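K.L.:
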Amino acid sequence: MRQLEEARKHIRAGEDYQALTAALDKFSAVVKAPYNPDSWLELLKDDEPAQRREAISQELGRHCTLLNRVGWHRGATESDEGQHHRMPLDHWEAELLVATSQFLLTYAIRLKMISPNAHQG
Numbered sequence: 088m089r090q091l092e093e094a095r096k097h098i099r100a101g102e103d104y105q106a107l108t109a110a111l112d113k114f115s116a117v118v119k120a121p122y123n124p125d126s127w128l129e130l131l132k133d134d135e136p137a138q139r140r141e142a143i144s145q146e147l148g149r150h151c152t153l154l155n156r157v158g159w160h161r162g163a164t165e166s167d168e169g170q171h172h173r174m175p176l177d178h179w180e181a182e183l184l185v186a187t188s189q190f191l192l193t194y195a196i197r198l199k200m201i202s203p204n205a206h207q208g
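First residue of the sequence shown? That's 88 in our numbering, and the numbers climb one at a time after it.
Next up, the structure:
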């Protein structure tokens, strides 16, 4: 699967924040607001056990929250220049998050493919 090729290009170029944003964009193509666990519930079968639905939706939502908060958003405190600080991120962590995104994105796409609740379009 080449879904995360753009994120991998950013990793190879040392562009760690951009890599996380590119990964988040791919999750956003599966559901709107992927950082919200409730967004993932529509892909899960209504007759599945609630505990399973909750665990899957929270796993996907939390991963996307991490991509969003570290890769995209800046912190609430300002620097001396009036700019908001970026969240700390090292290259190893960015590589790990993109690698983890590969597994979770594959799962998310599969859920969408088999979901009777997924909106087509």
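Virtual Cβ for every residue (Gly too), placed ideally from N, Cα, C. The model shown is predicted, which means the values in this text are computed figures rather than measured ones.
#1: Span of the alpha helix (DSSP H) holding Y122?
#2: Rounded to a whole number of angstroms, what is the C-alpha to C-alpha distance between L176 and Y194?
#3: So, with DSSP's three-state summary, where would you put R89?
#4: Using the Cα positions of A109 and R149, report the straight-line distance between them to the nearest angstrom.
#5: Can you check whether the C-beta of N204 is within less than 9 Å of a C-beta belonging to chain C?
P.N.:
In terms of the structure at hand:
#1: Counting along the chain, Y122 falls outside any alpha helix (DSSP H), and DSSP gives it neither H nor E.
#2: 25 Å
#3: coil
#4: 17 Å
#5: Looking at the structure shown, chain C is missing, and only one protein chain is on hand.
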